[in-house]
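For the sequence shown, position 97 matches number 97 in UniProt numbering, and the numbering has no gaps at all. Data first, discussion second: the structure below is written as structure tokens.
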Amino acid sequence: MRRRRQRISRLRRFYTECLGMKLLRKRDIPEEKYTNAFLGYGLEDSHFVMELTYKLIKAKGGKVTREPGAVKGGKTIIAFMEDPDGYKFELLERGPTPEPLCQVSVGHLDRAIKFYEKAFGMELLRTRDNPEYKVT
């Protein structure tokens, strides 16, 4: 999460109270007037319950842009939400997987893939176009 300093505390509360995330570390970038806050669940948490998380997000000021429901032809449950600053994110509930799942929205897909491969040694496993939700 990268936000202006005056908003970071409010948004951190939203993500920690609604999604149960923890602040892992924070880095101020004074010359560009923003703060990077790194939030996550930690190793002890492998998944969350969609219904409880969804209700808590709504109660704490999050906006629902797609109600929770099954993905066409599958068992995965998804919901689309917005945080108090209008940043869109997706909740996914599916059976346990051996790897954690993280979805990142980017403006330049090819550049982002190269960045994650080089910076973190990640490997692209697959891509899938989903024109209904305007994502790849």
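Glycine included, each C-beta is placed from N, C-alpha and C at the ideal position.
Counting along the chain, where does the alpha helix (DSSP H) carrying GLU117 start and finish? Note, GLU117: alpha helix (DSSP H), 109 to 120.
Among the candidates GLU67, CYS18, LYS114, ASP129, whose CA atom is the shortest distance from the CA of ALA59? With distances taken between Cα atoms, ALA59 lies closest to CYS18.
In the structure shown, what three-state DSSP assignment does ARG94 receive? Reduced to three states, the DSSP call for ARG94 is coil.
For TYR34, write down the residues that DSSP places opposite it in a beta bridge. Answer is ILE29, bridged to TYR34.
Please list the terminal residues of the continuous beta strand (DSSP E) segment that includes PRO84. Where PRO84 is concerned, there is no enclosing beta strand (DSSP E), given that its DSSP letter is neither H nor E.
DSSP on ARG12, reduced to helix/strand/coil? Under the three-state reduction of DSSP, ARG12 is assigned to helix.
Alpha carbon to alpha carbon, how far is GLU67 from ARG111? Give it in angstroms, no decimals. In a straight line, the C-alpha of ARG111 is about 31 Å away from that of GLU67.
Quick check: PRO30 and GLY61, are their CB atoms within less than 9 Å of each other? No, these two residues do not count as a Cβ contact at 9 Å.
For TYR15 and GLY73, what's the separation of their Cα atoms in angstroms? GLY73 has its alpha-carbon roughly 30 Å from the corresponding atom of TYR15.
Per DSSP, cross-strand counterpart(s) of LEU23: LEU23 is bridged to LEU39.
Checking 9 Å against the spacing of the C-beta atoms, do ARG12 and LEU23 come in under that value? Closer than 9 Å, so yes.
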